[in-house]
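Chemist: Just so you know, the protein sequences line up as chains A and B, in that order.
Each number in our numbering comes from the position in the first sequence (counting from 1) with 3 added on.
Position 109 (the second sequence) corresponds to 90 in our numbering; numbering is contiguous.
Yeah, the Cβ is synthetic: ideal placement off N, Cα and C, and Gly gets one too.
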Amino acid sequence: KAGVTQTPRYLIKTRGQQVTLSCSPISGHRSVSWYQQTPGQGLQFLFEYFSETQRNKGNFPGRFSGRQFSNSRSEMNVSTLELGDSALYLCASSLQGQGVNTGELFFGEGSRLTVL
Amino acid sequence: GDSVTQMEGPVTLSEEAFLTINCTYTATGYPSLFWYVQYPGEGLQLLLKATKADDKGSNKGFEATYRKETTSFHLEKGSVQVSDSAVYFCATAKGAQKLVFGQGTRLTINP
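Structure follows, in structure tokens:
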């Protein structure tokens, strides 16, 4: 069974540009969550989608947005990039979205974004 | 809001040494507690979990006990191996579809 797939794995952008990251969850998983990982702030929750609906959102500015498609694939977008957006963006999927309470989140390897 | 505090790293041990990584949490009610591990170049993997007080999670020789009285979930292993070198994250979750992570502890095991 294929794991969570994130693309691209690495990308470099300049300030002011925008970026779209993609996540394909494990087949059959309907919940997709996004996390930002930085050396200074650690792992921080961005948002979670279930059946194309955003159910929970972290404390990030409106420049960070996401969506989920009917096949459960998800994208996140960051507009007007800032240097501080450089991070590893991790996607995680779970079967029904209740996986958080049981700890059964399955993470991808991440998309490493560098903003110059 | 909920928060998790982990012992700061990096931690360097020799093979076969005893490992403890401290984790305390702040949360109302009865959160679930987890340890995740991140090996170099990989995403996070669930290592073990506990969903109620006094539960002990265990996996791959690692153990952690949910201590509500001390709001702790310390990770232990009796004899570490070089392959255990990784970053370890303590996390909590309650109700909402999100995990709150500690800062992570980088563990290096020398042969």
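Looking at the unbroken beta strand (DSSP E) that takes in T89(B), where does it start and where does it end?
Modeler: Walking along the second sequence from the start, residue 89(B) turns up at place 108. T89(B) -> beta strand (DSSP E) spans 86 to 91.
Chemist: Answer yes if the stretch -1 to 17 of chain B comes into contact with the stretch 47 to 59 of chain A, meaning at least three C-beta pairs across the two stretches below 8 Å, and no otherwise.
Modeler: With a cut-off of 8 Å, the stretch -1 to 17 of chain B and the stretch 47 to 59 of chain A do not count as touching, because too few Cβ pairs lie within range.
Chemist: Mind pulling the chain B residues with CB within less than 9 Å of L14(A)?
Modeler: Residue mapping note: residue 14(A) aligns to position 11 of the first sequence, counting from 1. Neighbours of L14(A) on chain B: none; closest Cβ ~16 Å, over 9 Å.
Chemist: Along the chain, where does the beta strand (DSSP E) containing A90(A) start, and where does it finish?
Modeler: Translated into positions along the first sequence, residue 90(A) becomes position 87. First-last of the beta strand (DSSP E) with A90(A): 90 to 97.
Chemist: To which residues does DSSP link E57(B) through a beta bridge?
Modeler: On the second sequence, position 76 is the one that residue 57(B) refers to. Paired residue(s): T1(B), E44(B).
Chemist: Hey, could you find the ends of the beta strand (DSSP E) K60(A) is sitting in?
Modeler: Counted from its first residue, the first sequence places residue 60(A) at position 57. Run containing K60(A): 56 to 60, per the beta strand (DSSP E) assignment.
Chemist: Between which two residues does the beta strand (DSSP E) harbouring A31(B) extend?
Modeler: The residue you call residue 31(B) lines up with position 50 of the second sequence. Element bounds for A31(B): 25 to 31.
Chemist: Does L108(A) come out as helix, strand or coil in the three-state DSSP assignment?
Modeler: Taking the first residue of the first sequence as position 1, residue 108(A) is located at position 105. If DSSP states are grouped into helix, strand and coil, L108(A) belongs with coil.
Chemist: The stretch 107 to 119 of chain A: which residues have C-beta closer than 9 Å to a C-beta of chain B, in chain order?
Modeler: Per Cβ criterion, the list reads E107, L108, F109, F110, G111, E112, G113.
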